[in-house]
Amino acid sequence: MSNWPYPHIVAHRGGGKLAPENTLAAINVGARYGHTMIEFDAKLSKDGEIFLLHDDNLERTSNGWAWRRVELAGFIACGRWRLV
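Using full-length UniProt numbering, the first residue of the sequence shown is number 1, and each one after it goes up by one.
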């Protein structure tokens with residue numbers, strides 16, 4: 001693996017259990033822990049905006065319960081994640 005040009009450890013969705021996944025907070029946590037590569041999930045909204053979300057709906061990570069499509073008219077509080 002000496003010729004492998006990429007980091008050996010990648011921060012998956014940012015900061016693991018230390019911050020809500022796919023958020024700037026998670027990316028900052030990953031960077032603070034020295035990760036030089038961070039993997040996250042980018043999607044394109046119906047109105048052409050790029051946003052970060054792993055799932056196909058907002059149920060697991062926000063208060064957007066049972067939404068089938070990501071069509072946001074306003075702010076939805078995200079970050080319902082497991083506390084360590």
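C-beta: ideal position from N, C-alpha, C; glycine also. Since the structure is predicted, the reported quantities are computational estimates derived from the model, not experimental observations.
In the DSSP assignment, residue 54 forms no beta bridge with any residue.
A residue is called buried when at least 16 other Cβ atoms come within 10 angstroms of its Cβ; residue 42 does not meet this threshold and is exposed.
Residue 12 and residue 26 have their alpha carbons spaced roughly 9 Å apart. In the DSSP assignment, residue 18 falls outside any alpha helix (DSSP H), carrying neither H nor E. Comparing alpha-carbon positions, the option among 33, 56, 59 lying closest to residue 17 turns out to be 33.
When DSSP reads this structure, residue 2 sits in no beta bridge, so it has no partner. Residue 22 sits close to residue 52, with the two beta carbons spaced by under 7 Å. Beta-bridge annotation (DSSP): residue 43 is paired with 51.
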